[in-house]
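Engineer: Residue numbers (this note's numbering): 1 to 206.
The structure that follows is given in the form of C-alpha cells.
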C-alpha cells in the first residue's frame with residue numbers, strides 16, 4: 001500500500017473512532033487497531049491525536065467551505081433568476097449542508113457535546129466560518145426576497161441543526177436517511193411554513 005493510501009486509510013479509521021467515542025475518549029492505539037497498523041506507523045503519518053483530528057474532521061469542514069464558495073457563483077446567479085431557479089439554487093445549497101450533517105454529524109456531536117478538549121474551539125471556529133459563508137451567500141443573493149424580521153445567520157444555524165438532528169435520528173434508529181425527503185420538507189418549511197392560522201372572525205356590523 002502506498003504512503004498516500006495508508007494515510008487515507010488512517011484518516012478514515014480515525015473518523016470512525018472519533019465518531020463513536022468523541023475526541024477525549026479516543027486513544028491513538030484504538031485508531032491504529034481500526035486501521036490495521038501499529039502505533040509507530042500511525043505516528044509516522046500523524047505525530048499527535050490532535051493532528052489526526054485536524055485531518056479527519058476539520059479538513060472535511062474546510063473542504064465543505066471550499067465547495068460552498070465554489071458553488072456560490074452559480075447559486076448566486078440562480079438566486080437572481082426566476083422562482084424555479086431560486087428554488088433550485090436554495091436546494092443545492094442546503095444539499096451541501098445536509099451532506100455535511102450526514103458525513104460529520106457524529107463527529108461534530110461527539111466533539112461539541114462531549115468532555116472539553118483542545119480541539120473543540122477549532123471545531124467551533126470552523127463551523128462559525130461555514131455559517132458566515134452561508135449567510136453571505138444568502139444575503140448577497142436574495143436581499144429583495146428576505147423578510148426584514150429574519151435573522152439570516154440564526155436561520156442557517158436552525159436549518160443545519162434540523163438537518164443534523166434528522167441525520168442523527170436516522171443513525172440512532174438504524175433507519176436510512178432519505179436526504180431528498182428531508183430536503184423536500186425543509187424547502188416546504190422555508191417557503192410556506194407549517195401552520196395556517198385561522199382568520200379571526202370579524203364582529204358583525206351593528
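All C-beta atoms, glycine included, are put in the ideal place defined by N, C-alpha and C.
In this text, all values refer to a predicted model and were calculated from it rather than measured experimentally.
In terms of residues, what are the limits of the alpha helix (DSSP H) holding residue 10?
Structural biologist: Looking at the DSSP string, the run of the alpha helix (DSSP H) that includes residue 10 is 3-25.
Engineer: What residue ranges within the stretch 144-199 form continuous alpha helix (DSSP H) runs of no fewer than 4 residues, ordered along the chain?
Structural biologist: You should have 152-173, 179-192.
Engineer: Starting from residue 50 and walking both ways along the alpha helix (DSSP H), at which residues does that stretch end?
Structural biologist: Note, residue 50: alpha helix (DSSP H), 49-53.
Engineer: How is the alpha helix (DSSP H) around residue 42 delimited, first residue to last?
Structural biologist: Taken as a continuous stretch (DSSP letters only), the alpha helix (DSSP H) holding residue 42 covers 39-45.
Engineer: Hey, residue 31 and residue 14: beta-carbon distance below 8 Å or not?
Structural biologist: Yes, they are a contact pair.
Engineer: Check whether the Cβ atoms of residue 163 and residue 91 lie closer than 8 Å to each other.
Structural biologist: Their beta carbons are not under 8 Å apart, which means residue 163 does not touch residue 91 by this criterion.
Engineer: Excluding the 5 residues preceding and the 5 following residue 170 in the sequence, name in chain order all residues of the same chain whose CB lies nearer than 6 Å to its CB.
Structural biologist: If we look at residue 170 and ignore the five residues flanking it on each side, its Cβ neighbours are 177.
Engineer: Measuring CA to CA, which of 5, 167, 38 is closest to residue 95?
Structural biologist: Considering only alpha carbons, the answer is 167.
Engineer: Determine, using beta-carbon pairs with one atom in the stretch 9-29 and one in the stretch 46-63, whether at least three such pairs fall under 8 Å.
Structural biologist: Flag = yes, the stretch 9-29 and the stretch 46-63 touch.
Engineer: Taking residue 188 as the reference, give the member of 42, 151, 87 with the closest Cα.
Structural biologist: Selected option, being the one with the closest Cα: 87.
Engineer: Just mark residue 23 as buried or exposed, buried being the case when its beta carbon has 16 or more other beta carbons within 10 Å.
Structural biologist: Classification of residue 23: buried, given that the 10 Å Cβ count is 16 or more.
Engineer: Return the CA-CA distance between residue 29 and residue 1, expressed in angstroms with no decimal places.
Structural biologist: In a straight line, the C-alpha of residue 29 is about 20 Å away from that of residue 1.
Engineer: Looking at C-alpha atoms only, which residue of 132, 83, 57 is the closest neighbour of residue 104?
Structural biologist: Checking every option, the nearest Cα to that of residue 104 belongs to 57.
Engineer: Look at the alpha carbon of residue 17 and the alpha carbon of residue 48, and state the distance between them as a whole number of angstroms.
Structural biologist: For residue 17 and residue 48, the distance between alpha carbons rounds to 15 Å.
Engineer: Buried or exposed for residue 173, please, with buried defined as at least 16 other CB atoms from any protein chain shown within 10 angstroms of its CB.
Structural biologist: It counts as exposed.
Engineer: Taking only three categories from DSSP, how would you classify residue 105?
Structural biologist: Residue state, collapsed to three classes: helix.
Engineer: Would you mind sorting residue 193 into buried or exposed? The rule is 16 or more other CB atoms within 10 Å of its CB.
Structural biologist: Classification for residue 193: exposed.
Engineer: Got a sec? Which residues, its chain only, sit under 8 Å from residue 126 by beta carbon, not counting five neighbours each side?
Structural biologist: Result list for residue 126: 58, 61, 62, 65, in chain order.
Engineer: Relative to the C-alpha of residue 70, which residue among 133, 128, 4, 190 is closest?
Structural biologist: Taking only the C-alpha atoms, the option nearest residue 70 is 133.
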